[in-house]
Amino acid sequence: MSFLNYLINGLSLGSVYAIIALGYTMVYGIAKMLNFAHGDIIMVGSYIVYSAMSMAGMHPAIAILIAMVGCMVLGVVTERVAYRPLRGASSSLAVLITAIGVSYLLQNIALLVFGADTKAFTSVINWKGITLFDGELQIRGTTIITIAVGLLVLFGLQAFIHRTKSGQAMLAVAQDRGAATLCGIDVNKTIAITFAIGSSLAAVAGVLFCSTYPTITPYIGSMPGIKAFVAAVFGGIGSIPGAMIGGLTLGVIEILSRTYISSQLSEAIVFAILIVVLLVKPTGLLGKRVMEKV
Amino acid sequence: MKKKLAVSVVALMTSVLMLAGCGGGASGGSSQGSGGTAGGVFKIGAIGPMTGDGAAYGMAVVNGSKLAVDEINAAGGVNGFTFEHKGEDDELNNEKSMNAYNTLKDWGMQVLVGPTTSGCCIAVSDLAHEDSMFLLTPSGTALDCVKYDNVFRVCFSDPAQGTASAKYLAEKGIGSKYAVIYDSSDPYSSGIYESFNAEASAQGLTIVSAEAFTSDSNKDFSVQLQKAKDGGADLVFLPIYYNQAALILKQAADMNYQPVFFGCDGMDGILTVENFDTSLAEGLILMTPFSADATDERTVNFVKKYQEQFGEVPNQFAADAYDGVYAIKEAIEKKNLTPDMSTEDICKGLMEAFPEITINGLTSSALSWDASGEPNKEPRIFAIEGGKYVVQ
Chain X
1 MSFLNYLING LSLGSVYAII ALGYTMVYGI AKMLNFAHGD IIMVGSYIVY SAMSMAGMHP
61 AIAILIAMVG CMVLGVVTER VAYRPLRGAS SSLAVLITAI GVSYLLQNIA LLVFGADTKA
121 FTSVINWKGI TLFDGELQIR GTTIITIAVG LLVLFGLQAF IHRTKSGQAM LAVAQDRGAA
181 TLCGIDVNKT IAITFAIGSS LAAVAGVLFC STYPTITPYI GSMPGIKAFV AAVFGGIGSI
241 PGAMIGGLTL GVIEILSRTY ISSQLSEAIV FAILIVVLLV KPTGLLGKRV MEKV
Chain A
1 MKKKLAVSVV ALMTSVLMLA GCGGGASGGS SQGSGGTAGG VFKIGAIGPM TGDGAAYGMA
61 VVNGSKLAVD EINAAGGVNG FTFEHKGEDD ELNNEKSMNA YNTLKDWGMQ VLVGPTTSGC
121 CIAVSDLAHE DSMFLLTPSG TALDCVKYDN VFRVCFSDPA QGTASAKYLA EKGIGSKYAV
181 IYDSSDPYSS GIYESFNAEA SAQGLTIVSA EAFTSDSNKD FSVQLQKAKD GGADLVFLPI
241 YYNQAALILK QAADMNYQPV FFGCDGMDGI LTVENFDTSL AEGLILMTPF SADATDERTV
301 NFVKKYQEQF GEVPNQFAAD AYDGVYAIKE AIEKKNLTPD MSTEDICKGL MEAFPEITIN
361 GLTSSALSWD ASGEPNKEPR IFAIEGGKYV VQ
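If you read the protein sequences in the order shown, they are chains X and A.
Start counting the first sequence at 1; every next residue gets the next number (this note's numbering).
Start counting the second sequence at 1; every next residue gets the next number (this note's numbering).
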């Protein structure tokens, strides 16, 4: 029974990684860049929801909507200002370093605006969850809703990419930017849309993350950001179902290794598994090997 | 391309881990020892994180010492001289703390109240020892903080807190089975845990689970709580800071686990977490030197003045720093030190004076020191009842 409890705790943690990883993997898959500021956009989204709910007293649904729009604008603006000018740069490292810079910038702005004090987040999910076997086994409401939202986002994204014109444009851009331009696809616009969607997903991830672990500081985004990135790579970066599976697996591995091996070594074990997976299958669990054309 | 990515990811992860791993570093070049500056004022420096993760602690130390300095000056100073005060930010970073120390030394500092946190304090104490600068840390609790003879502290050391906690629990018979959740990446937390563990076995207390977490995994405590619950612990000892404790209290409530929680001075501040549901902390017991809710005249006056000047309720760090400045005043008066003496001579005088003085402070009515730098005082225990600290 306690094994089931730990498994569910693992899924709970994993569901949060998964939903963050979805945003990472989408931006990587299409824009071919690692947006290290993704974790910090999550932080910004959480602060927006916190301010709207706790300070302005708005309804959670409206607060989430505002956060999604806010993050969308933030994502598009950073893309336009910080990433687009470097897209043609000879080294793809330039964009990566800029993304790390943006990440620090966002953290420090949040530090200036909201201060360093820990703030308690009022969970937007009030459902206690399901209790089974006379309270022996408990599945929290946040876990169920996070997984449900994750699946919803997963299918939504798949449908968007495969069924709509902008989605098809994204696939084309992902495959070959030059050829996409020749076909009349506006690459800049397509990538901007990718960032808009990815960033508003970050807001949703932020709300769910803070509902599960209800404290906010300007640094909450960084560690989950790295873990979610690992989850995305684990599942095969660029693959949307891969991010979901990667996130859930990572959470379960982390909790189980913390339970049965060592509570201090769980991080090391997670990263060691990542290294092994990458050595055996460099593209991750669901990643596809794309042949490079000469 | 994908293979290249995989390799670079591995490289990146390694570098992230390495970055996370290295805390301290080489010392910044220390400037030449500037002796006594213009006579008339004693220059007191204060160091702590005024921005970043520990900002609440650093601001409290800087503000608390400032308040004491202002009071002393308004009341006629010390031996006819006044104090001048300057605070520097170290962002909870050892190297920046050393830089802050050097900045203050260039300013002409003669006595240092700080650094606020253990790691920074250990780093700066090396420099202060070289310079023979008297250093009084309000809140550096690690053992090594006072390894030099010119370094004293106002707070209890980590081991002293762990030992006192276990003794208190055994004496009062609170709880029958104990669990511990501690931060193994933090010397403060693991230091308390180790001495608690040693004293608990000496007292015959049963510890059913002792689970660690690290600064990289300080959000999810489900495993640690589940193990405590499965072991039947009715008291959970939390030698950690309140930020994580707030999450632990919430997660325990979510899983319908209601043991007594017991914390040390890092727990102080739990009620000030903005928007925190204080009913979660009901019944929590903590060992901390100061409570703003106490009703003695000294505390009431201090809290009132602090709030007027800085717009916040002071915490124990502010009280420790405040007491520290008064102790320095007492010591200066005892040995008739003057500001035109060299920093070395002031340091020597204060080192001789500290084991001889006893002050009636905020954190203890009889605060005195060993020559080793450790304070002698009674531990104070509070319980949270109705959203307030109640003295036990």
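For every residue, glycine included, the Cβ atom is placed at its ideal position computed from N, Cα and C.
Fair warning: this is a prediction, and the values are worked out from it, not measured in the lab.
query: Other residues of its chain near S92 (chain X): CB distance less than 8 Å, five sequence neighbours each side excluded; result: K32 and M33
query: Members of the region 40-53 of chain A near chain X, C-beta cut-off 7 Å; result: T51, G52 and D53
query: CB-CB length for A228 (chain X) against Y17 (chain X), believed under 8 Å; result: 5 Å
query: Counted within 10 angstroms of its Cβ, other Cβ atoms place Q32 (chain A) as buried (16 or more) or exposed; result: At Q32 (chain A), the pLDDT of 37 sits below 50, so the modelled position is not reliable and the matter cannot be decided from this model.
query: F276 (chain A): contacting residues in chain X (beta-carbon distance under 7 Å); result: A120
query: Chain X residues whose Cβ lies nearer than 7 Å to that of S217 (chain A); result: S266 and E267
query: Neighbourhood of E292 (chain X) by C-beta, 7 Å cutoff - its chain only, sequence neighbours within 5 removed; result: Any reading at E292 (chain X) must be qualified, since the residue scores a pLDDT of 49, below 50, and its modelled position is unreliable; the value itself is stated next. So the list is empty, once near-sequence residues are dropped.
query: Touching by the beta-carbon criterion (3+ pairs, under 8 Å), the region 148-168 of chain A and the region 308-327 of chain A; result: yes
query: Closer than 8 Å to chain X by CB, G36 (chain A); result: With a pLDDT of only 40 at G36 (chain A), under the threshold of 50, the placement of this residue in the model should not be trusted, and no figure is reported.
query: C-beta atoms of L286 (chain A) and F382 (chain A) nearer than 8 Å; result: yes
query: Extent of the continuous beta strand (DSSP E) run through F194 (chain X); result: In the sequence as presented, Phe is not what sits at residue 194 (chain X); that position holds Thr. T194 (chain X) -> not in any beta strand (DSSP E); alpha helix (DSSP H) instead, spanning V187 to T212.
query: Nonlocal neighbours in the same chain, by C-beta distance under 6 Å from S103 (chain X), ignoring five residues either side; result: F36, A37 and D40
query: Reduced DSSP category for Y148 (chain A) - H, G, I as helix; E, B as strand; rest coil; result: coil
query: Same chain, Cβ closer than 6 Å to F354 (chain A), five either side skipped, listed in chain order; result: F152, A331 and W369
query: For S15 (chain X) and D220 (chain A), the rounded distance between their alpha carbons; result: 13 Å
query: Near-chain X residues of the region 222-246 of chain A (beta-carbon distance less than 7 Å), N- to C-terminal order; result: S222, V223, Q224, Q226, D230, N243 and A246
query: Span separating the alpha-carbon of I100 (chain X) from that of L235 (chain A); result: 43 Å
query: Limits of the alpha helix (DSSP H) - the one that W127 (chain X) falls within; result: Looking at the DSSP string, W127 (chain X) is not in any alpha helix (DSSP H), and its letter there is neither H nor E.
query: The region 188-200 of chain A contacting the region 160-173 of chain A, beta-carbon criterion three pairs below 8 Å; result: yes
query: Environment of P26 (chain X) [buried if 16+ CB atoms lie within 10 Å]; result: The sequence shown places Met at residue 26 (chain X), not Pro. Result: buried.
query: Closer than 8 Å to chain X by CB, V273 (chain A); result: yes
query: Residues of its chain near N9 (chain X), where Cβ-Cβ distance is below 8 Å and the 5 sequence neighbours each way are ignored; result: I255
query: Any C-beta of chain A under 8 Å from that of Y6 (chain X); result: yes
query: CB-CB length for L362 (chain A) against F276 (chain A), believed under 8 Å; result: Contact flag wrong, Cβ pair sits at about 25 Å.
query: T118 (chain X) and T215 (chain X) closer than 8 Å at C-beta; result: yes
query: Same chain only: Cβ atoms within 8 Å of A296 (chain X), ignoring 5 sequence neighbours per side; result: Any answer about residue 296 (chain X) is impossible in this case: the structure gives chain X only from 1 up to 294.
query: Contact between the region 209-225 of chain X and the region 273-286 of chain X (3+ Cβ pairs under 8 Å); result: no
query: Local Cβ density within 10 Å of F237 (chain A), reported as buried at 16 or more and exposed below that; result: buried
query: Inter-residue spacing [alpha-carbon to alpha-carbon] between T82 (chain A) and A196 (chain X); result: 59 Å
query: Chain X within 8 Å of K250 (chain A), Cβ atoms only; result: yes
query: Within chain A, the residues that A202 (chain X) reaches when beta carbons sit closer than 9 Å; result: The contacting residues do not exist; A202 (chain X) stays about 17 Å from chain A at best.
query: Straight-line gap, V341 (chain X) to F114 (chain X) (C-alpha atoms, nearest Å); result: Since the displayed chain X opens at 1 and closes at 294, residue 341 (chain X) lies outside it and no answer follows.
query: Beta carbon proximity, A55 (chain A) to chain X, threshold 8 Å; result: yes
query: Distance, E297 (chain A) Cα to F262 (chain A) Cα; result: 28 Å
query: C183 (chain X) burial status per 10 Å Cβ neighbour count (16 or more: buried); result: exposed
query: Spatial neighbours of G386 (chain A) in its chain, beta-carbon cut-off 7 Å, leaving aside the 5 residues before and after; result: none
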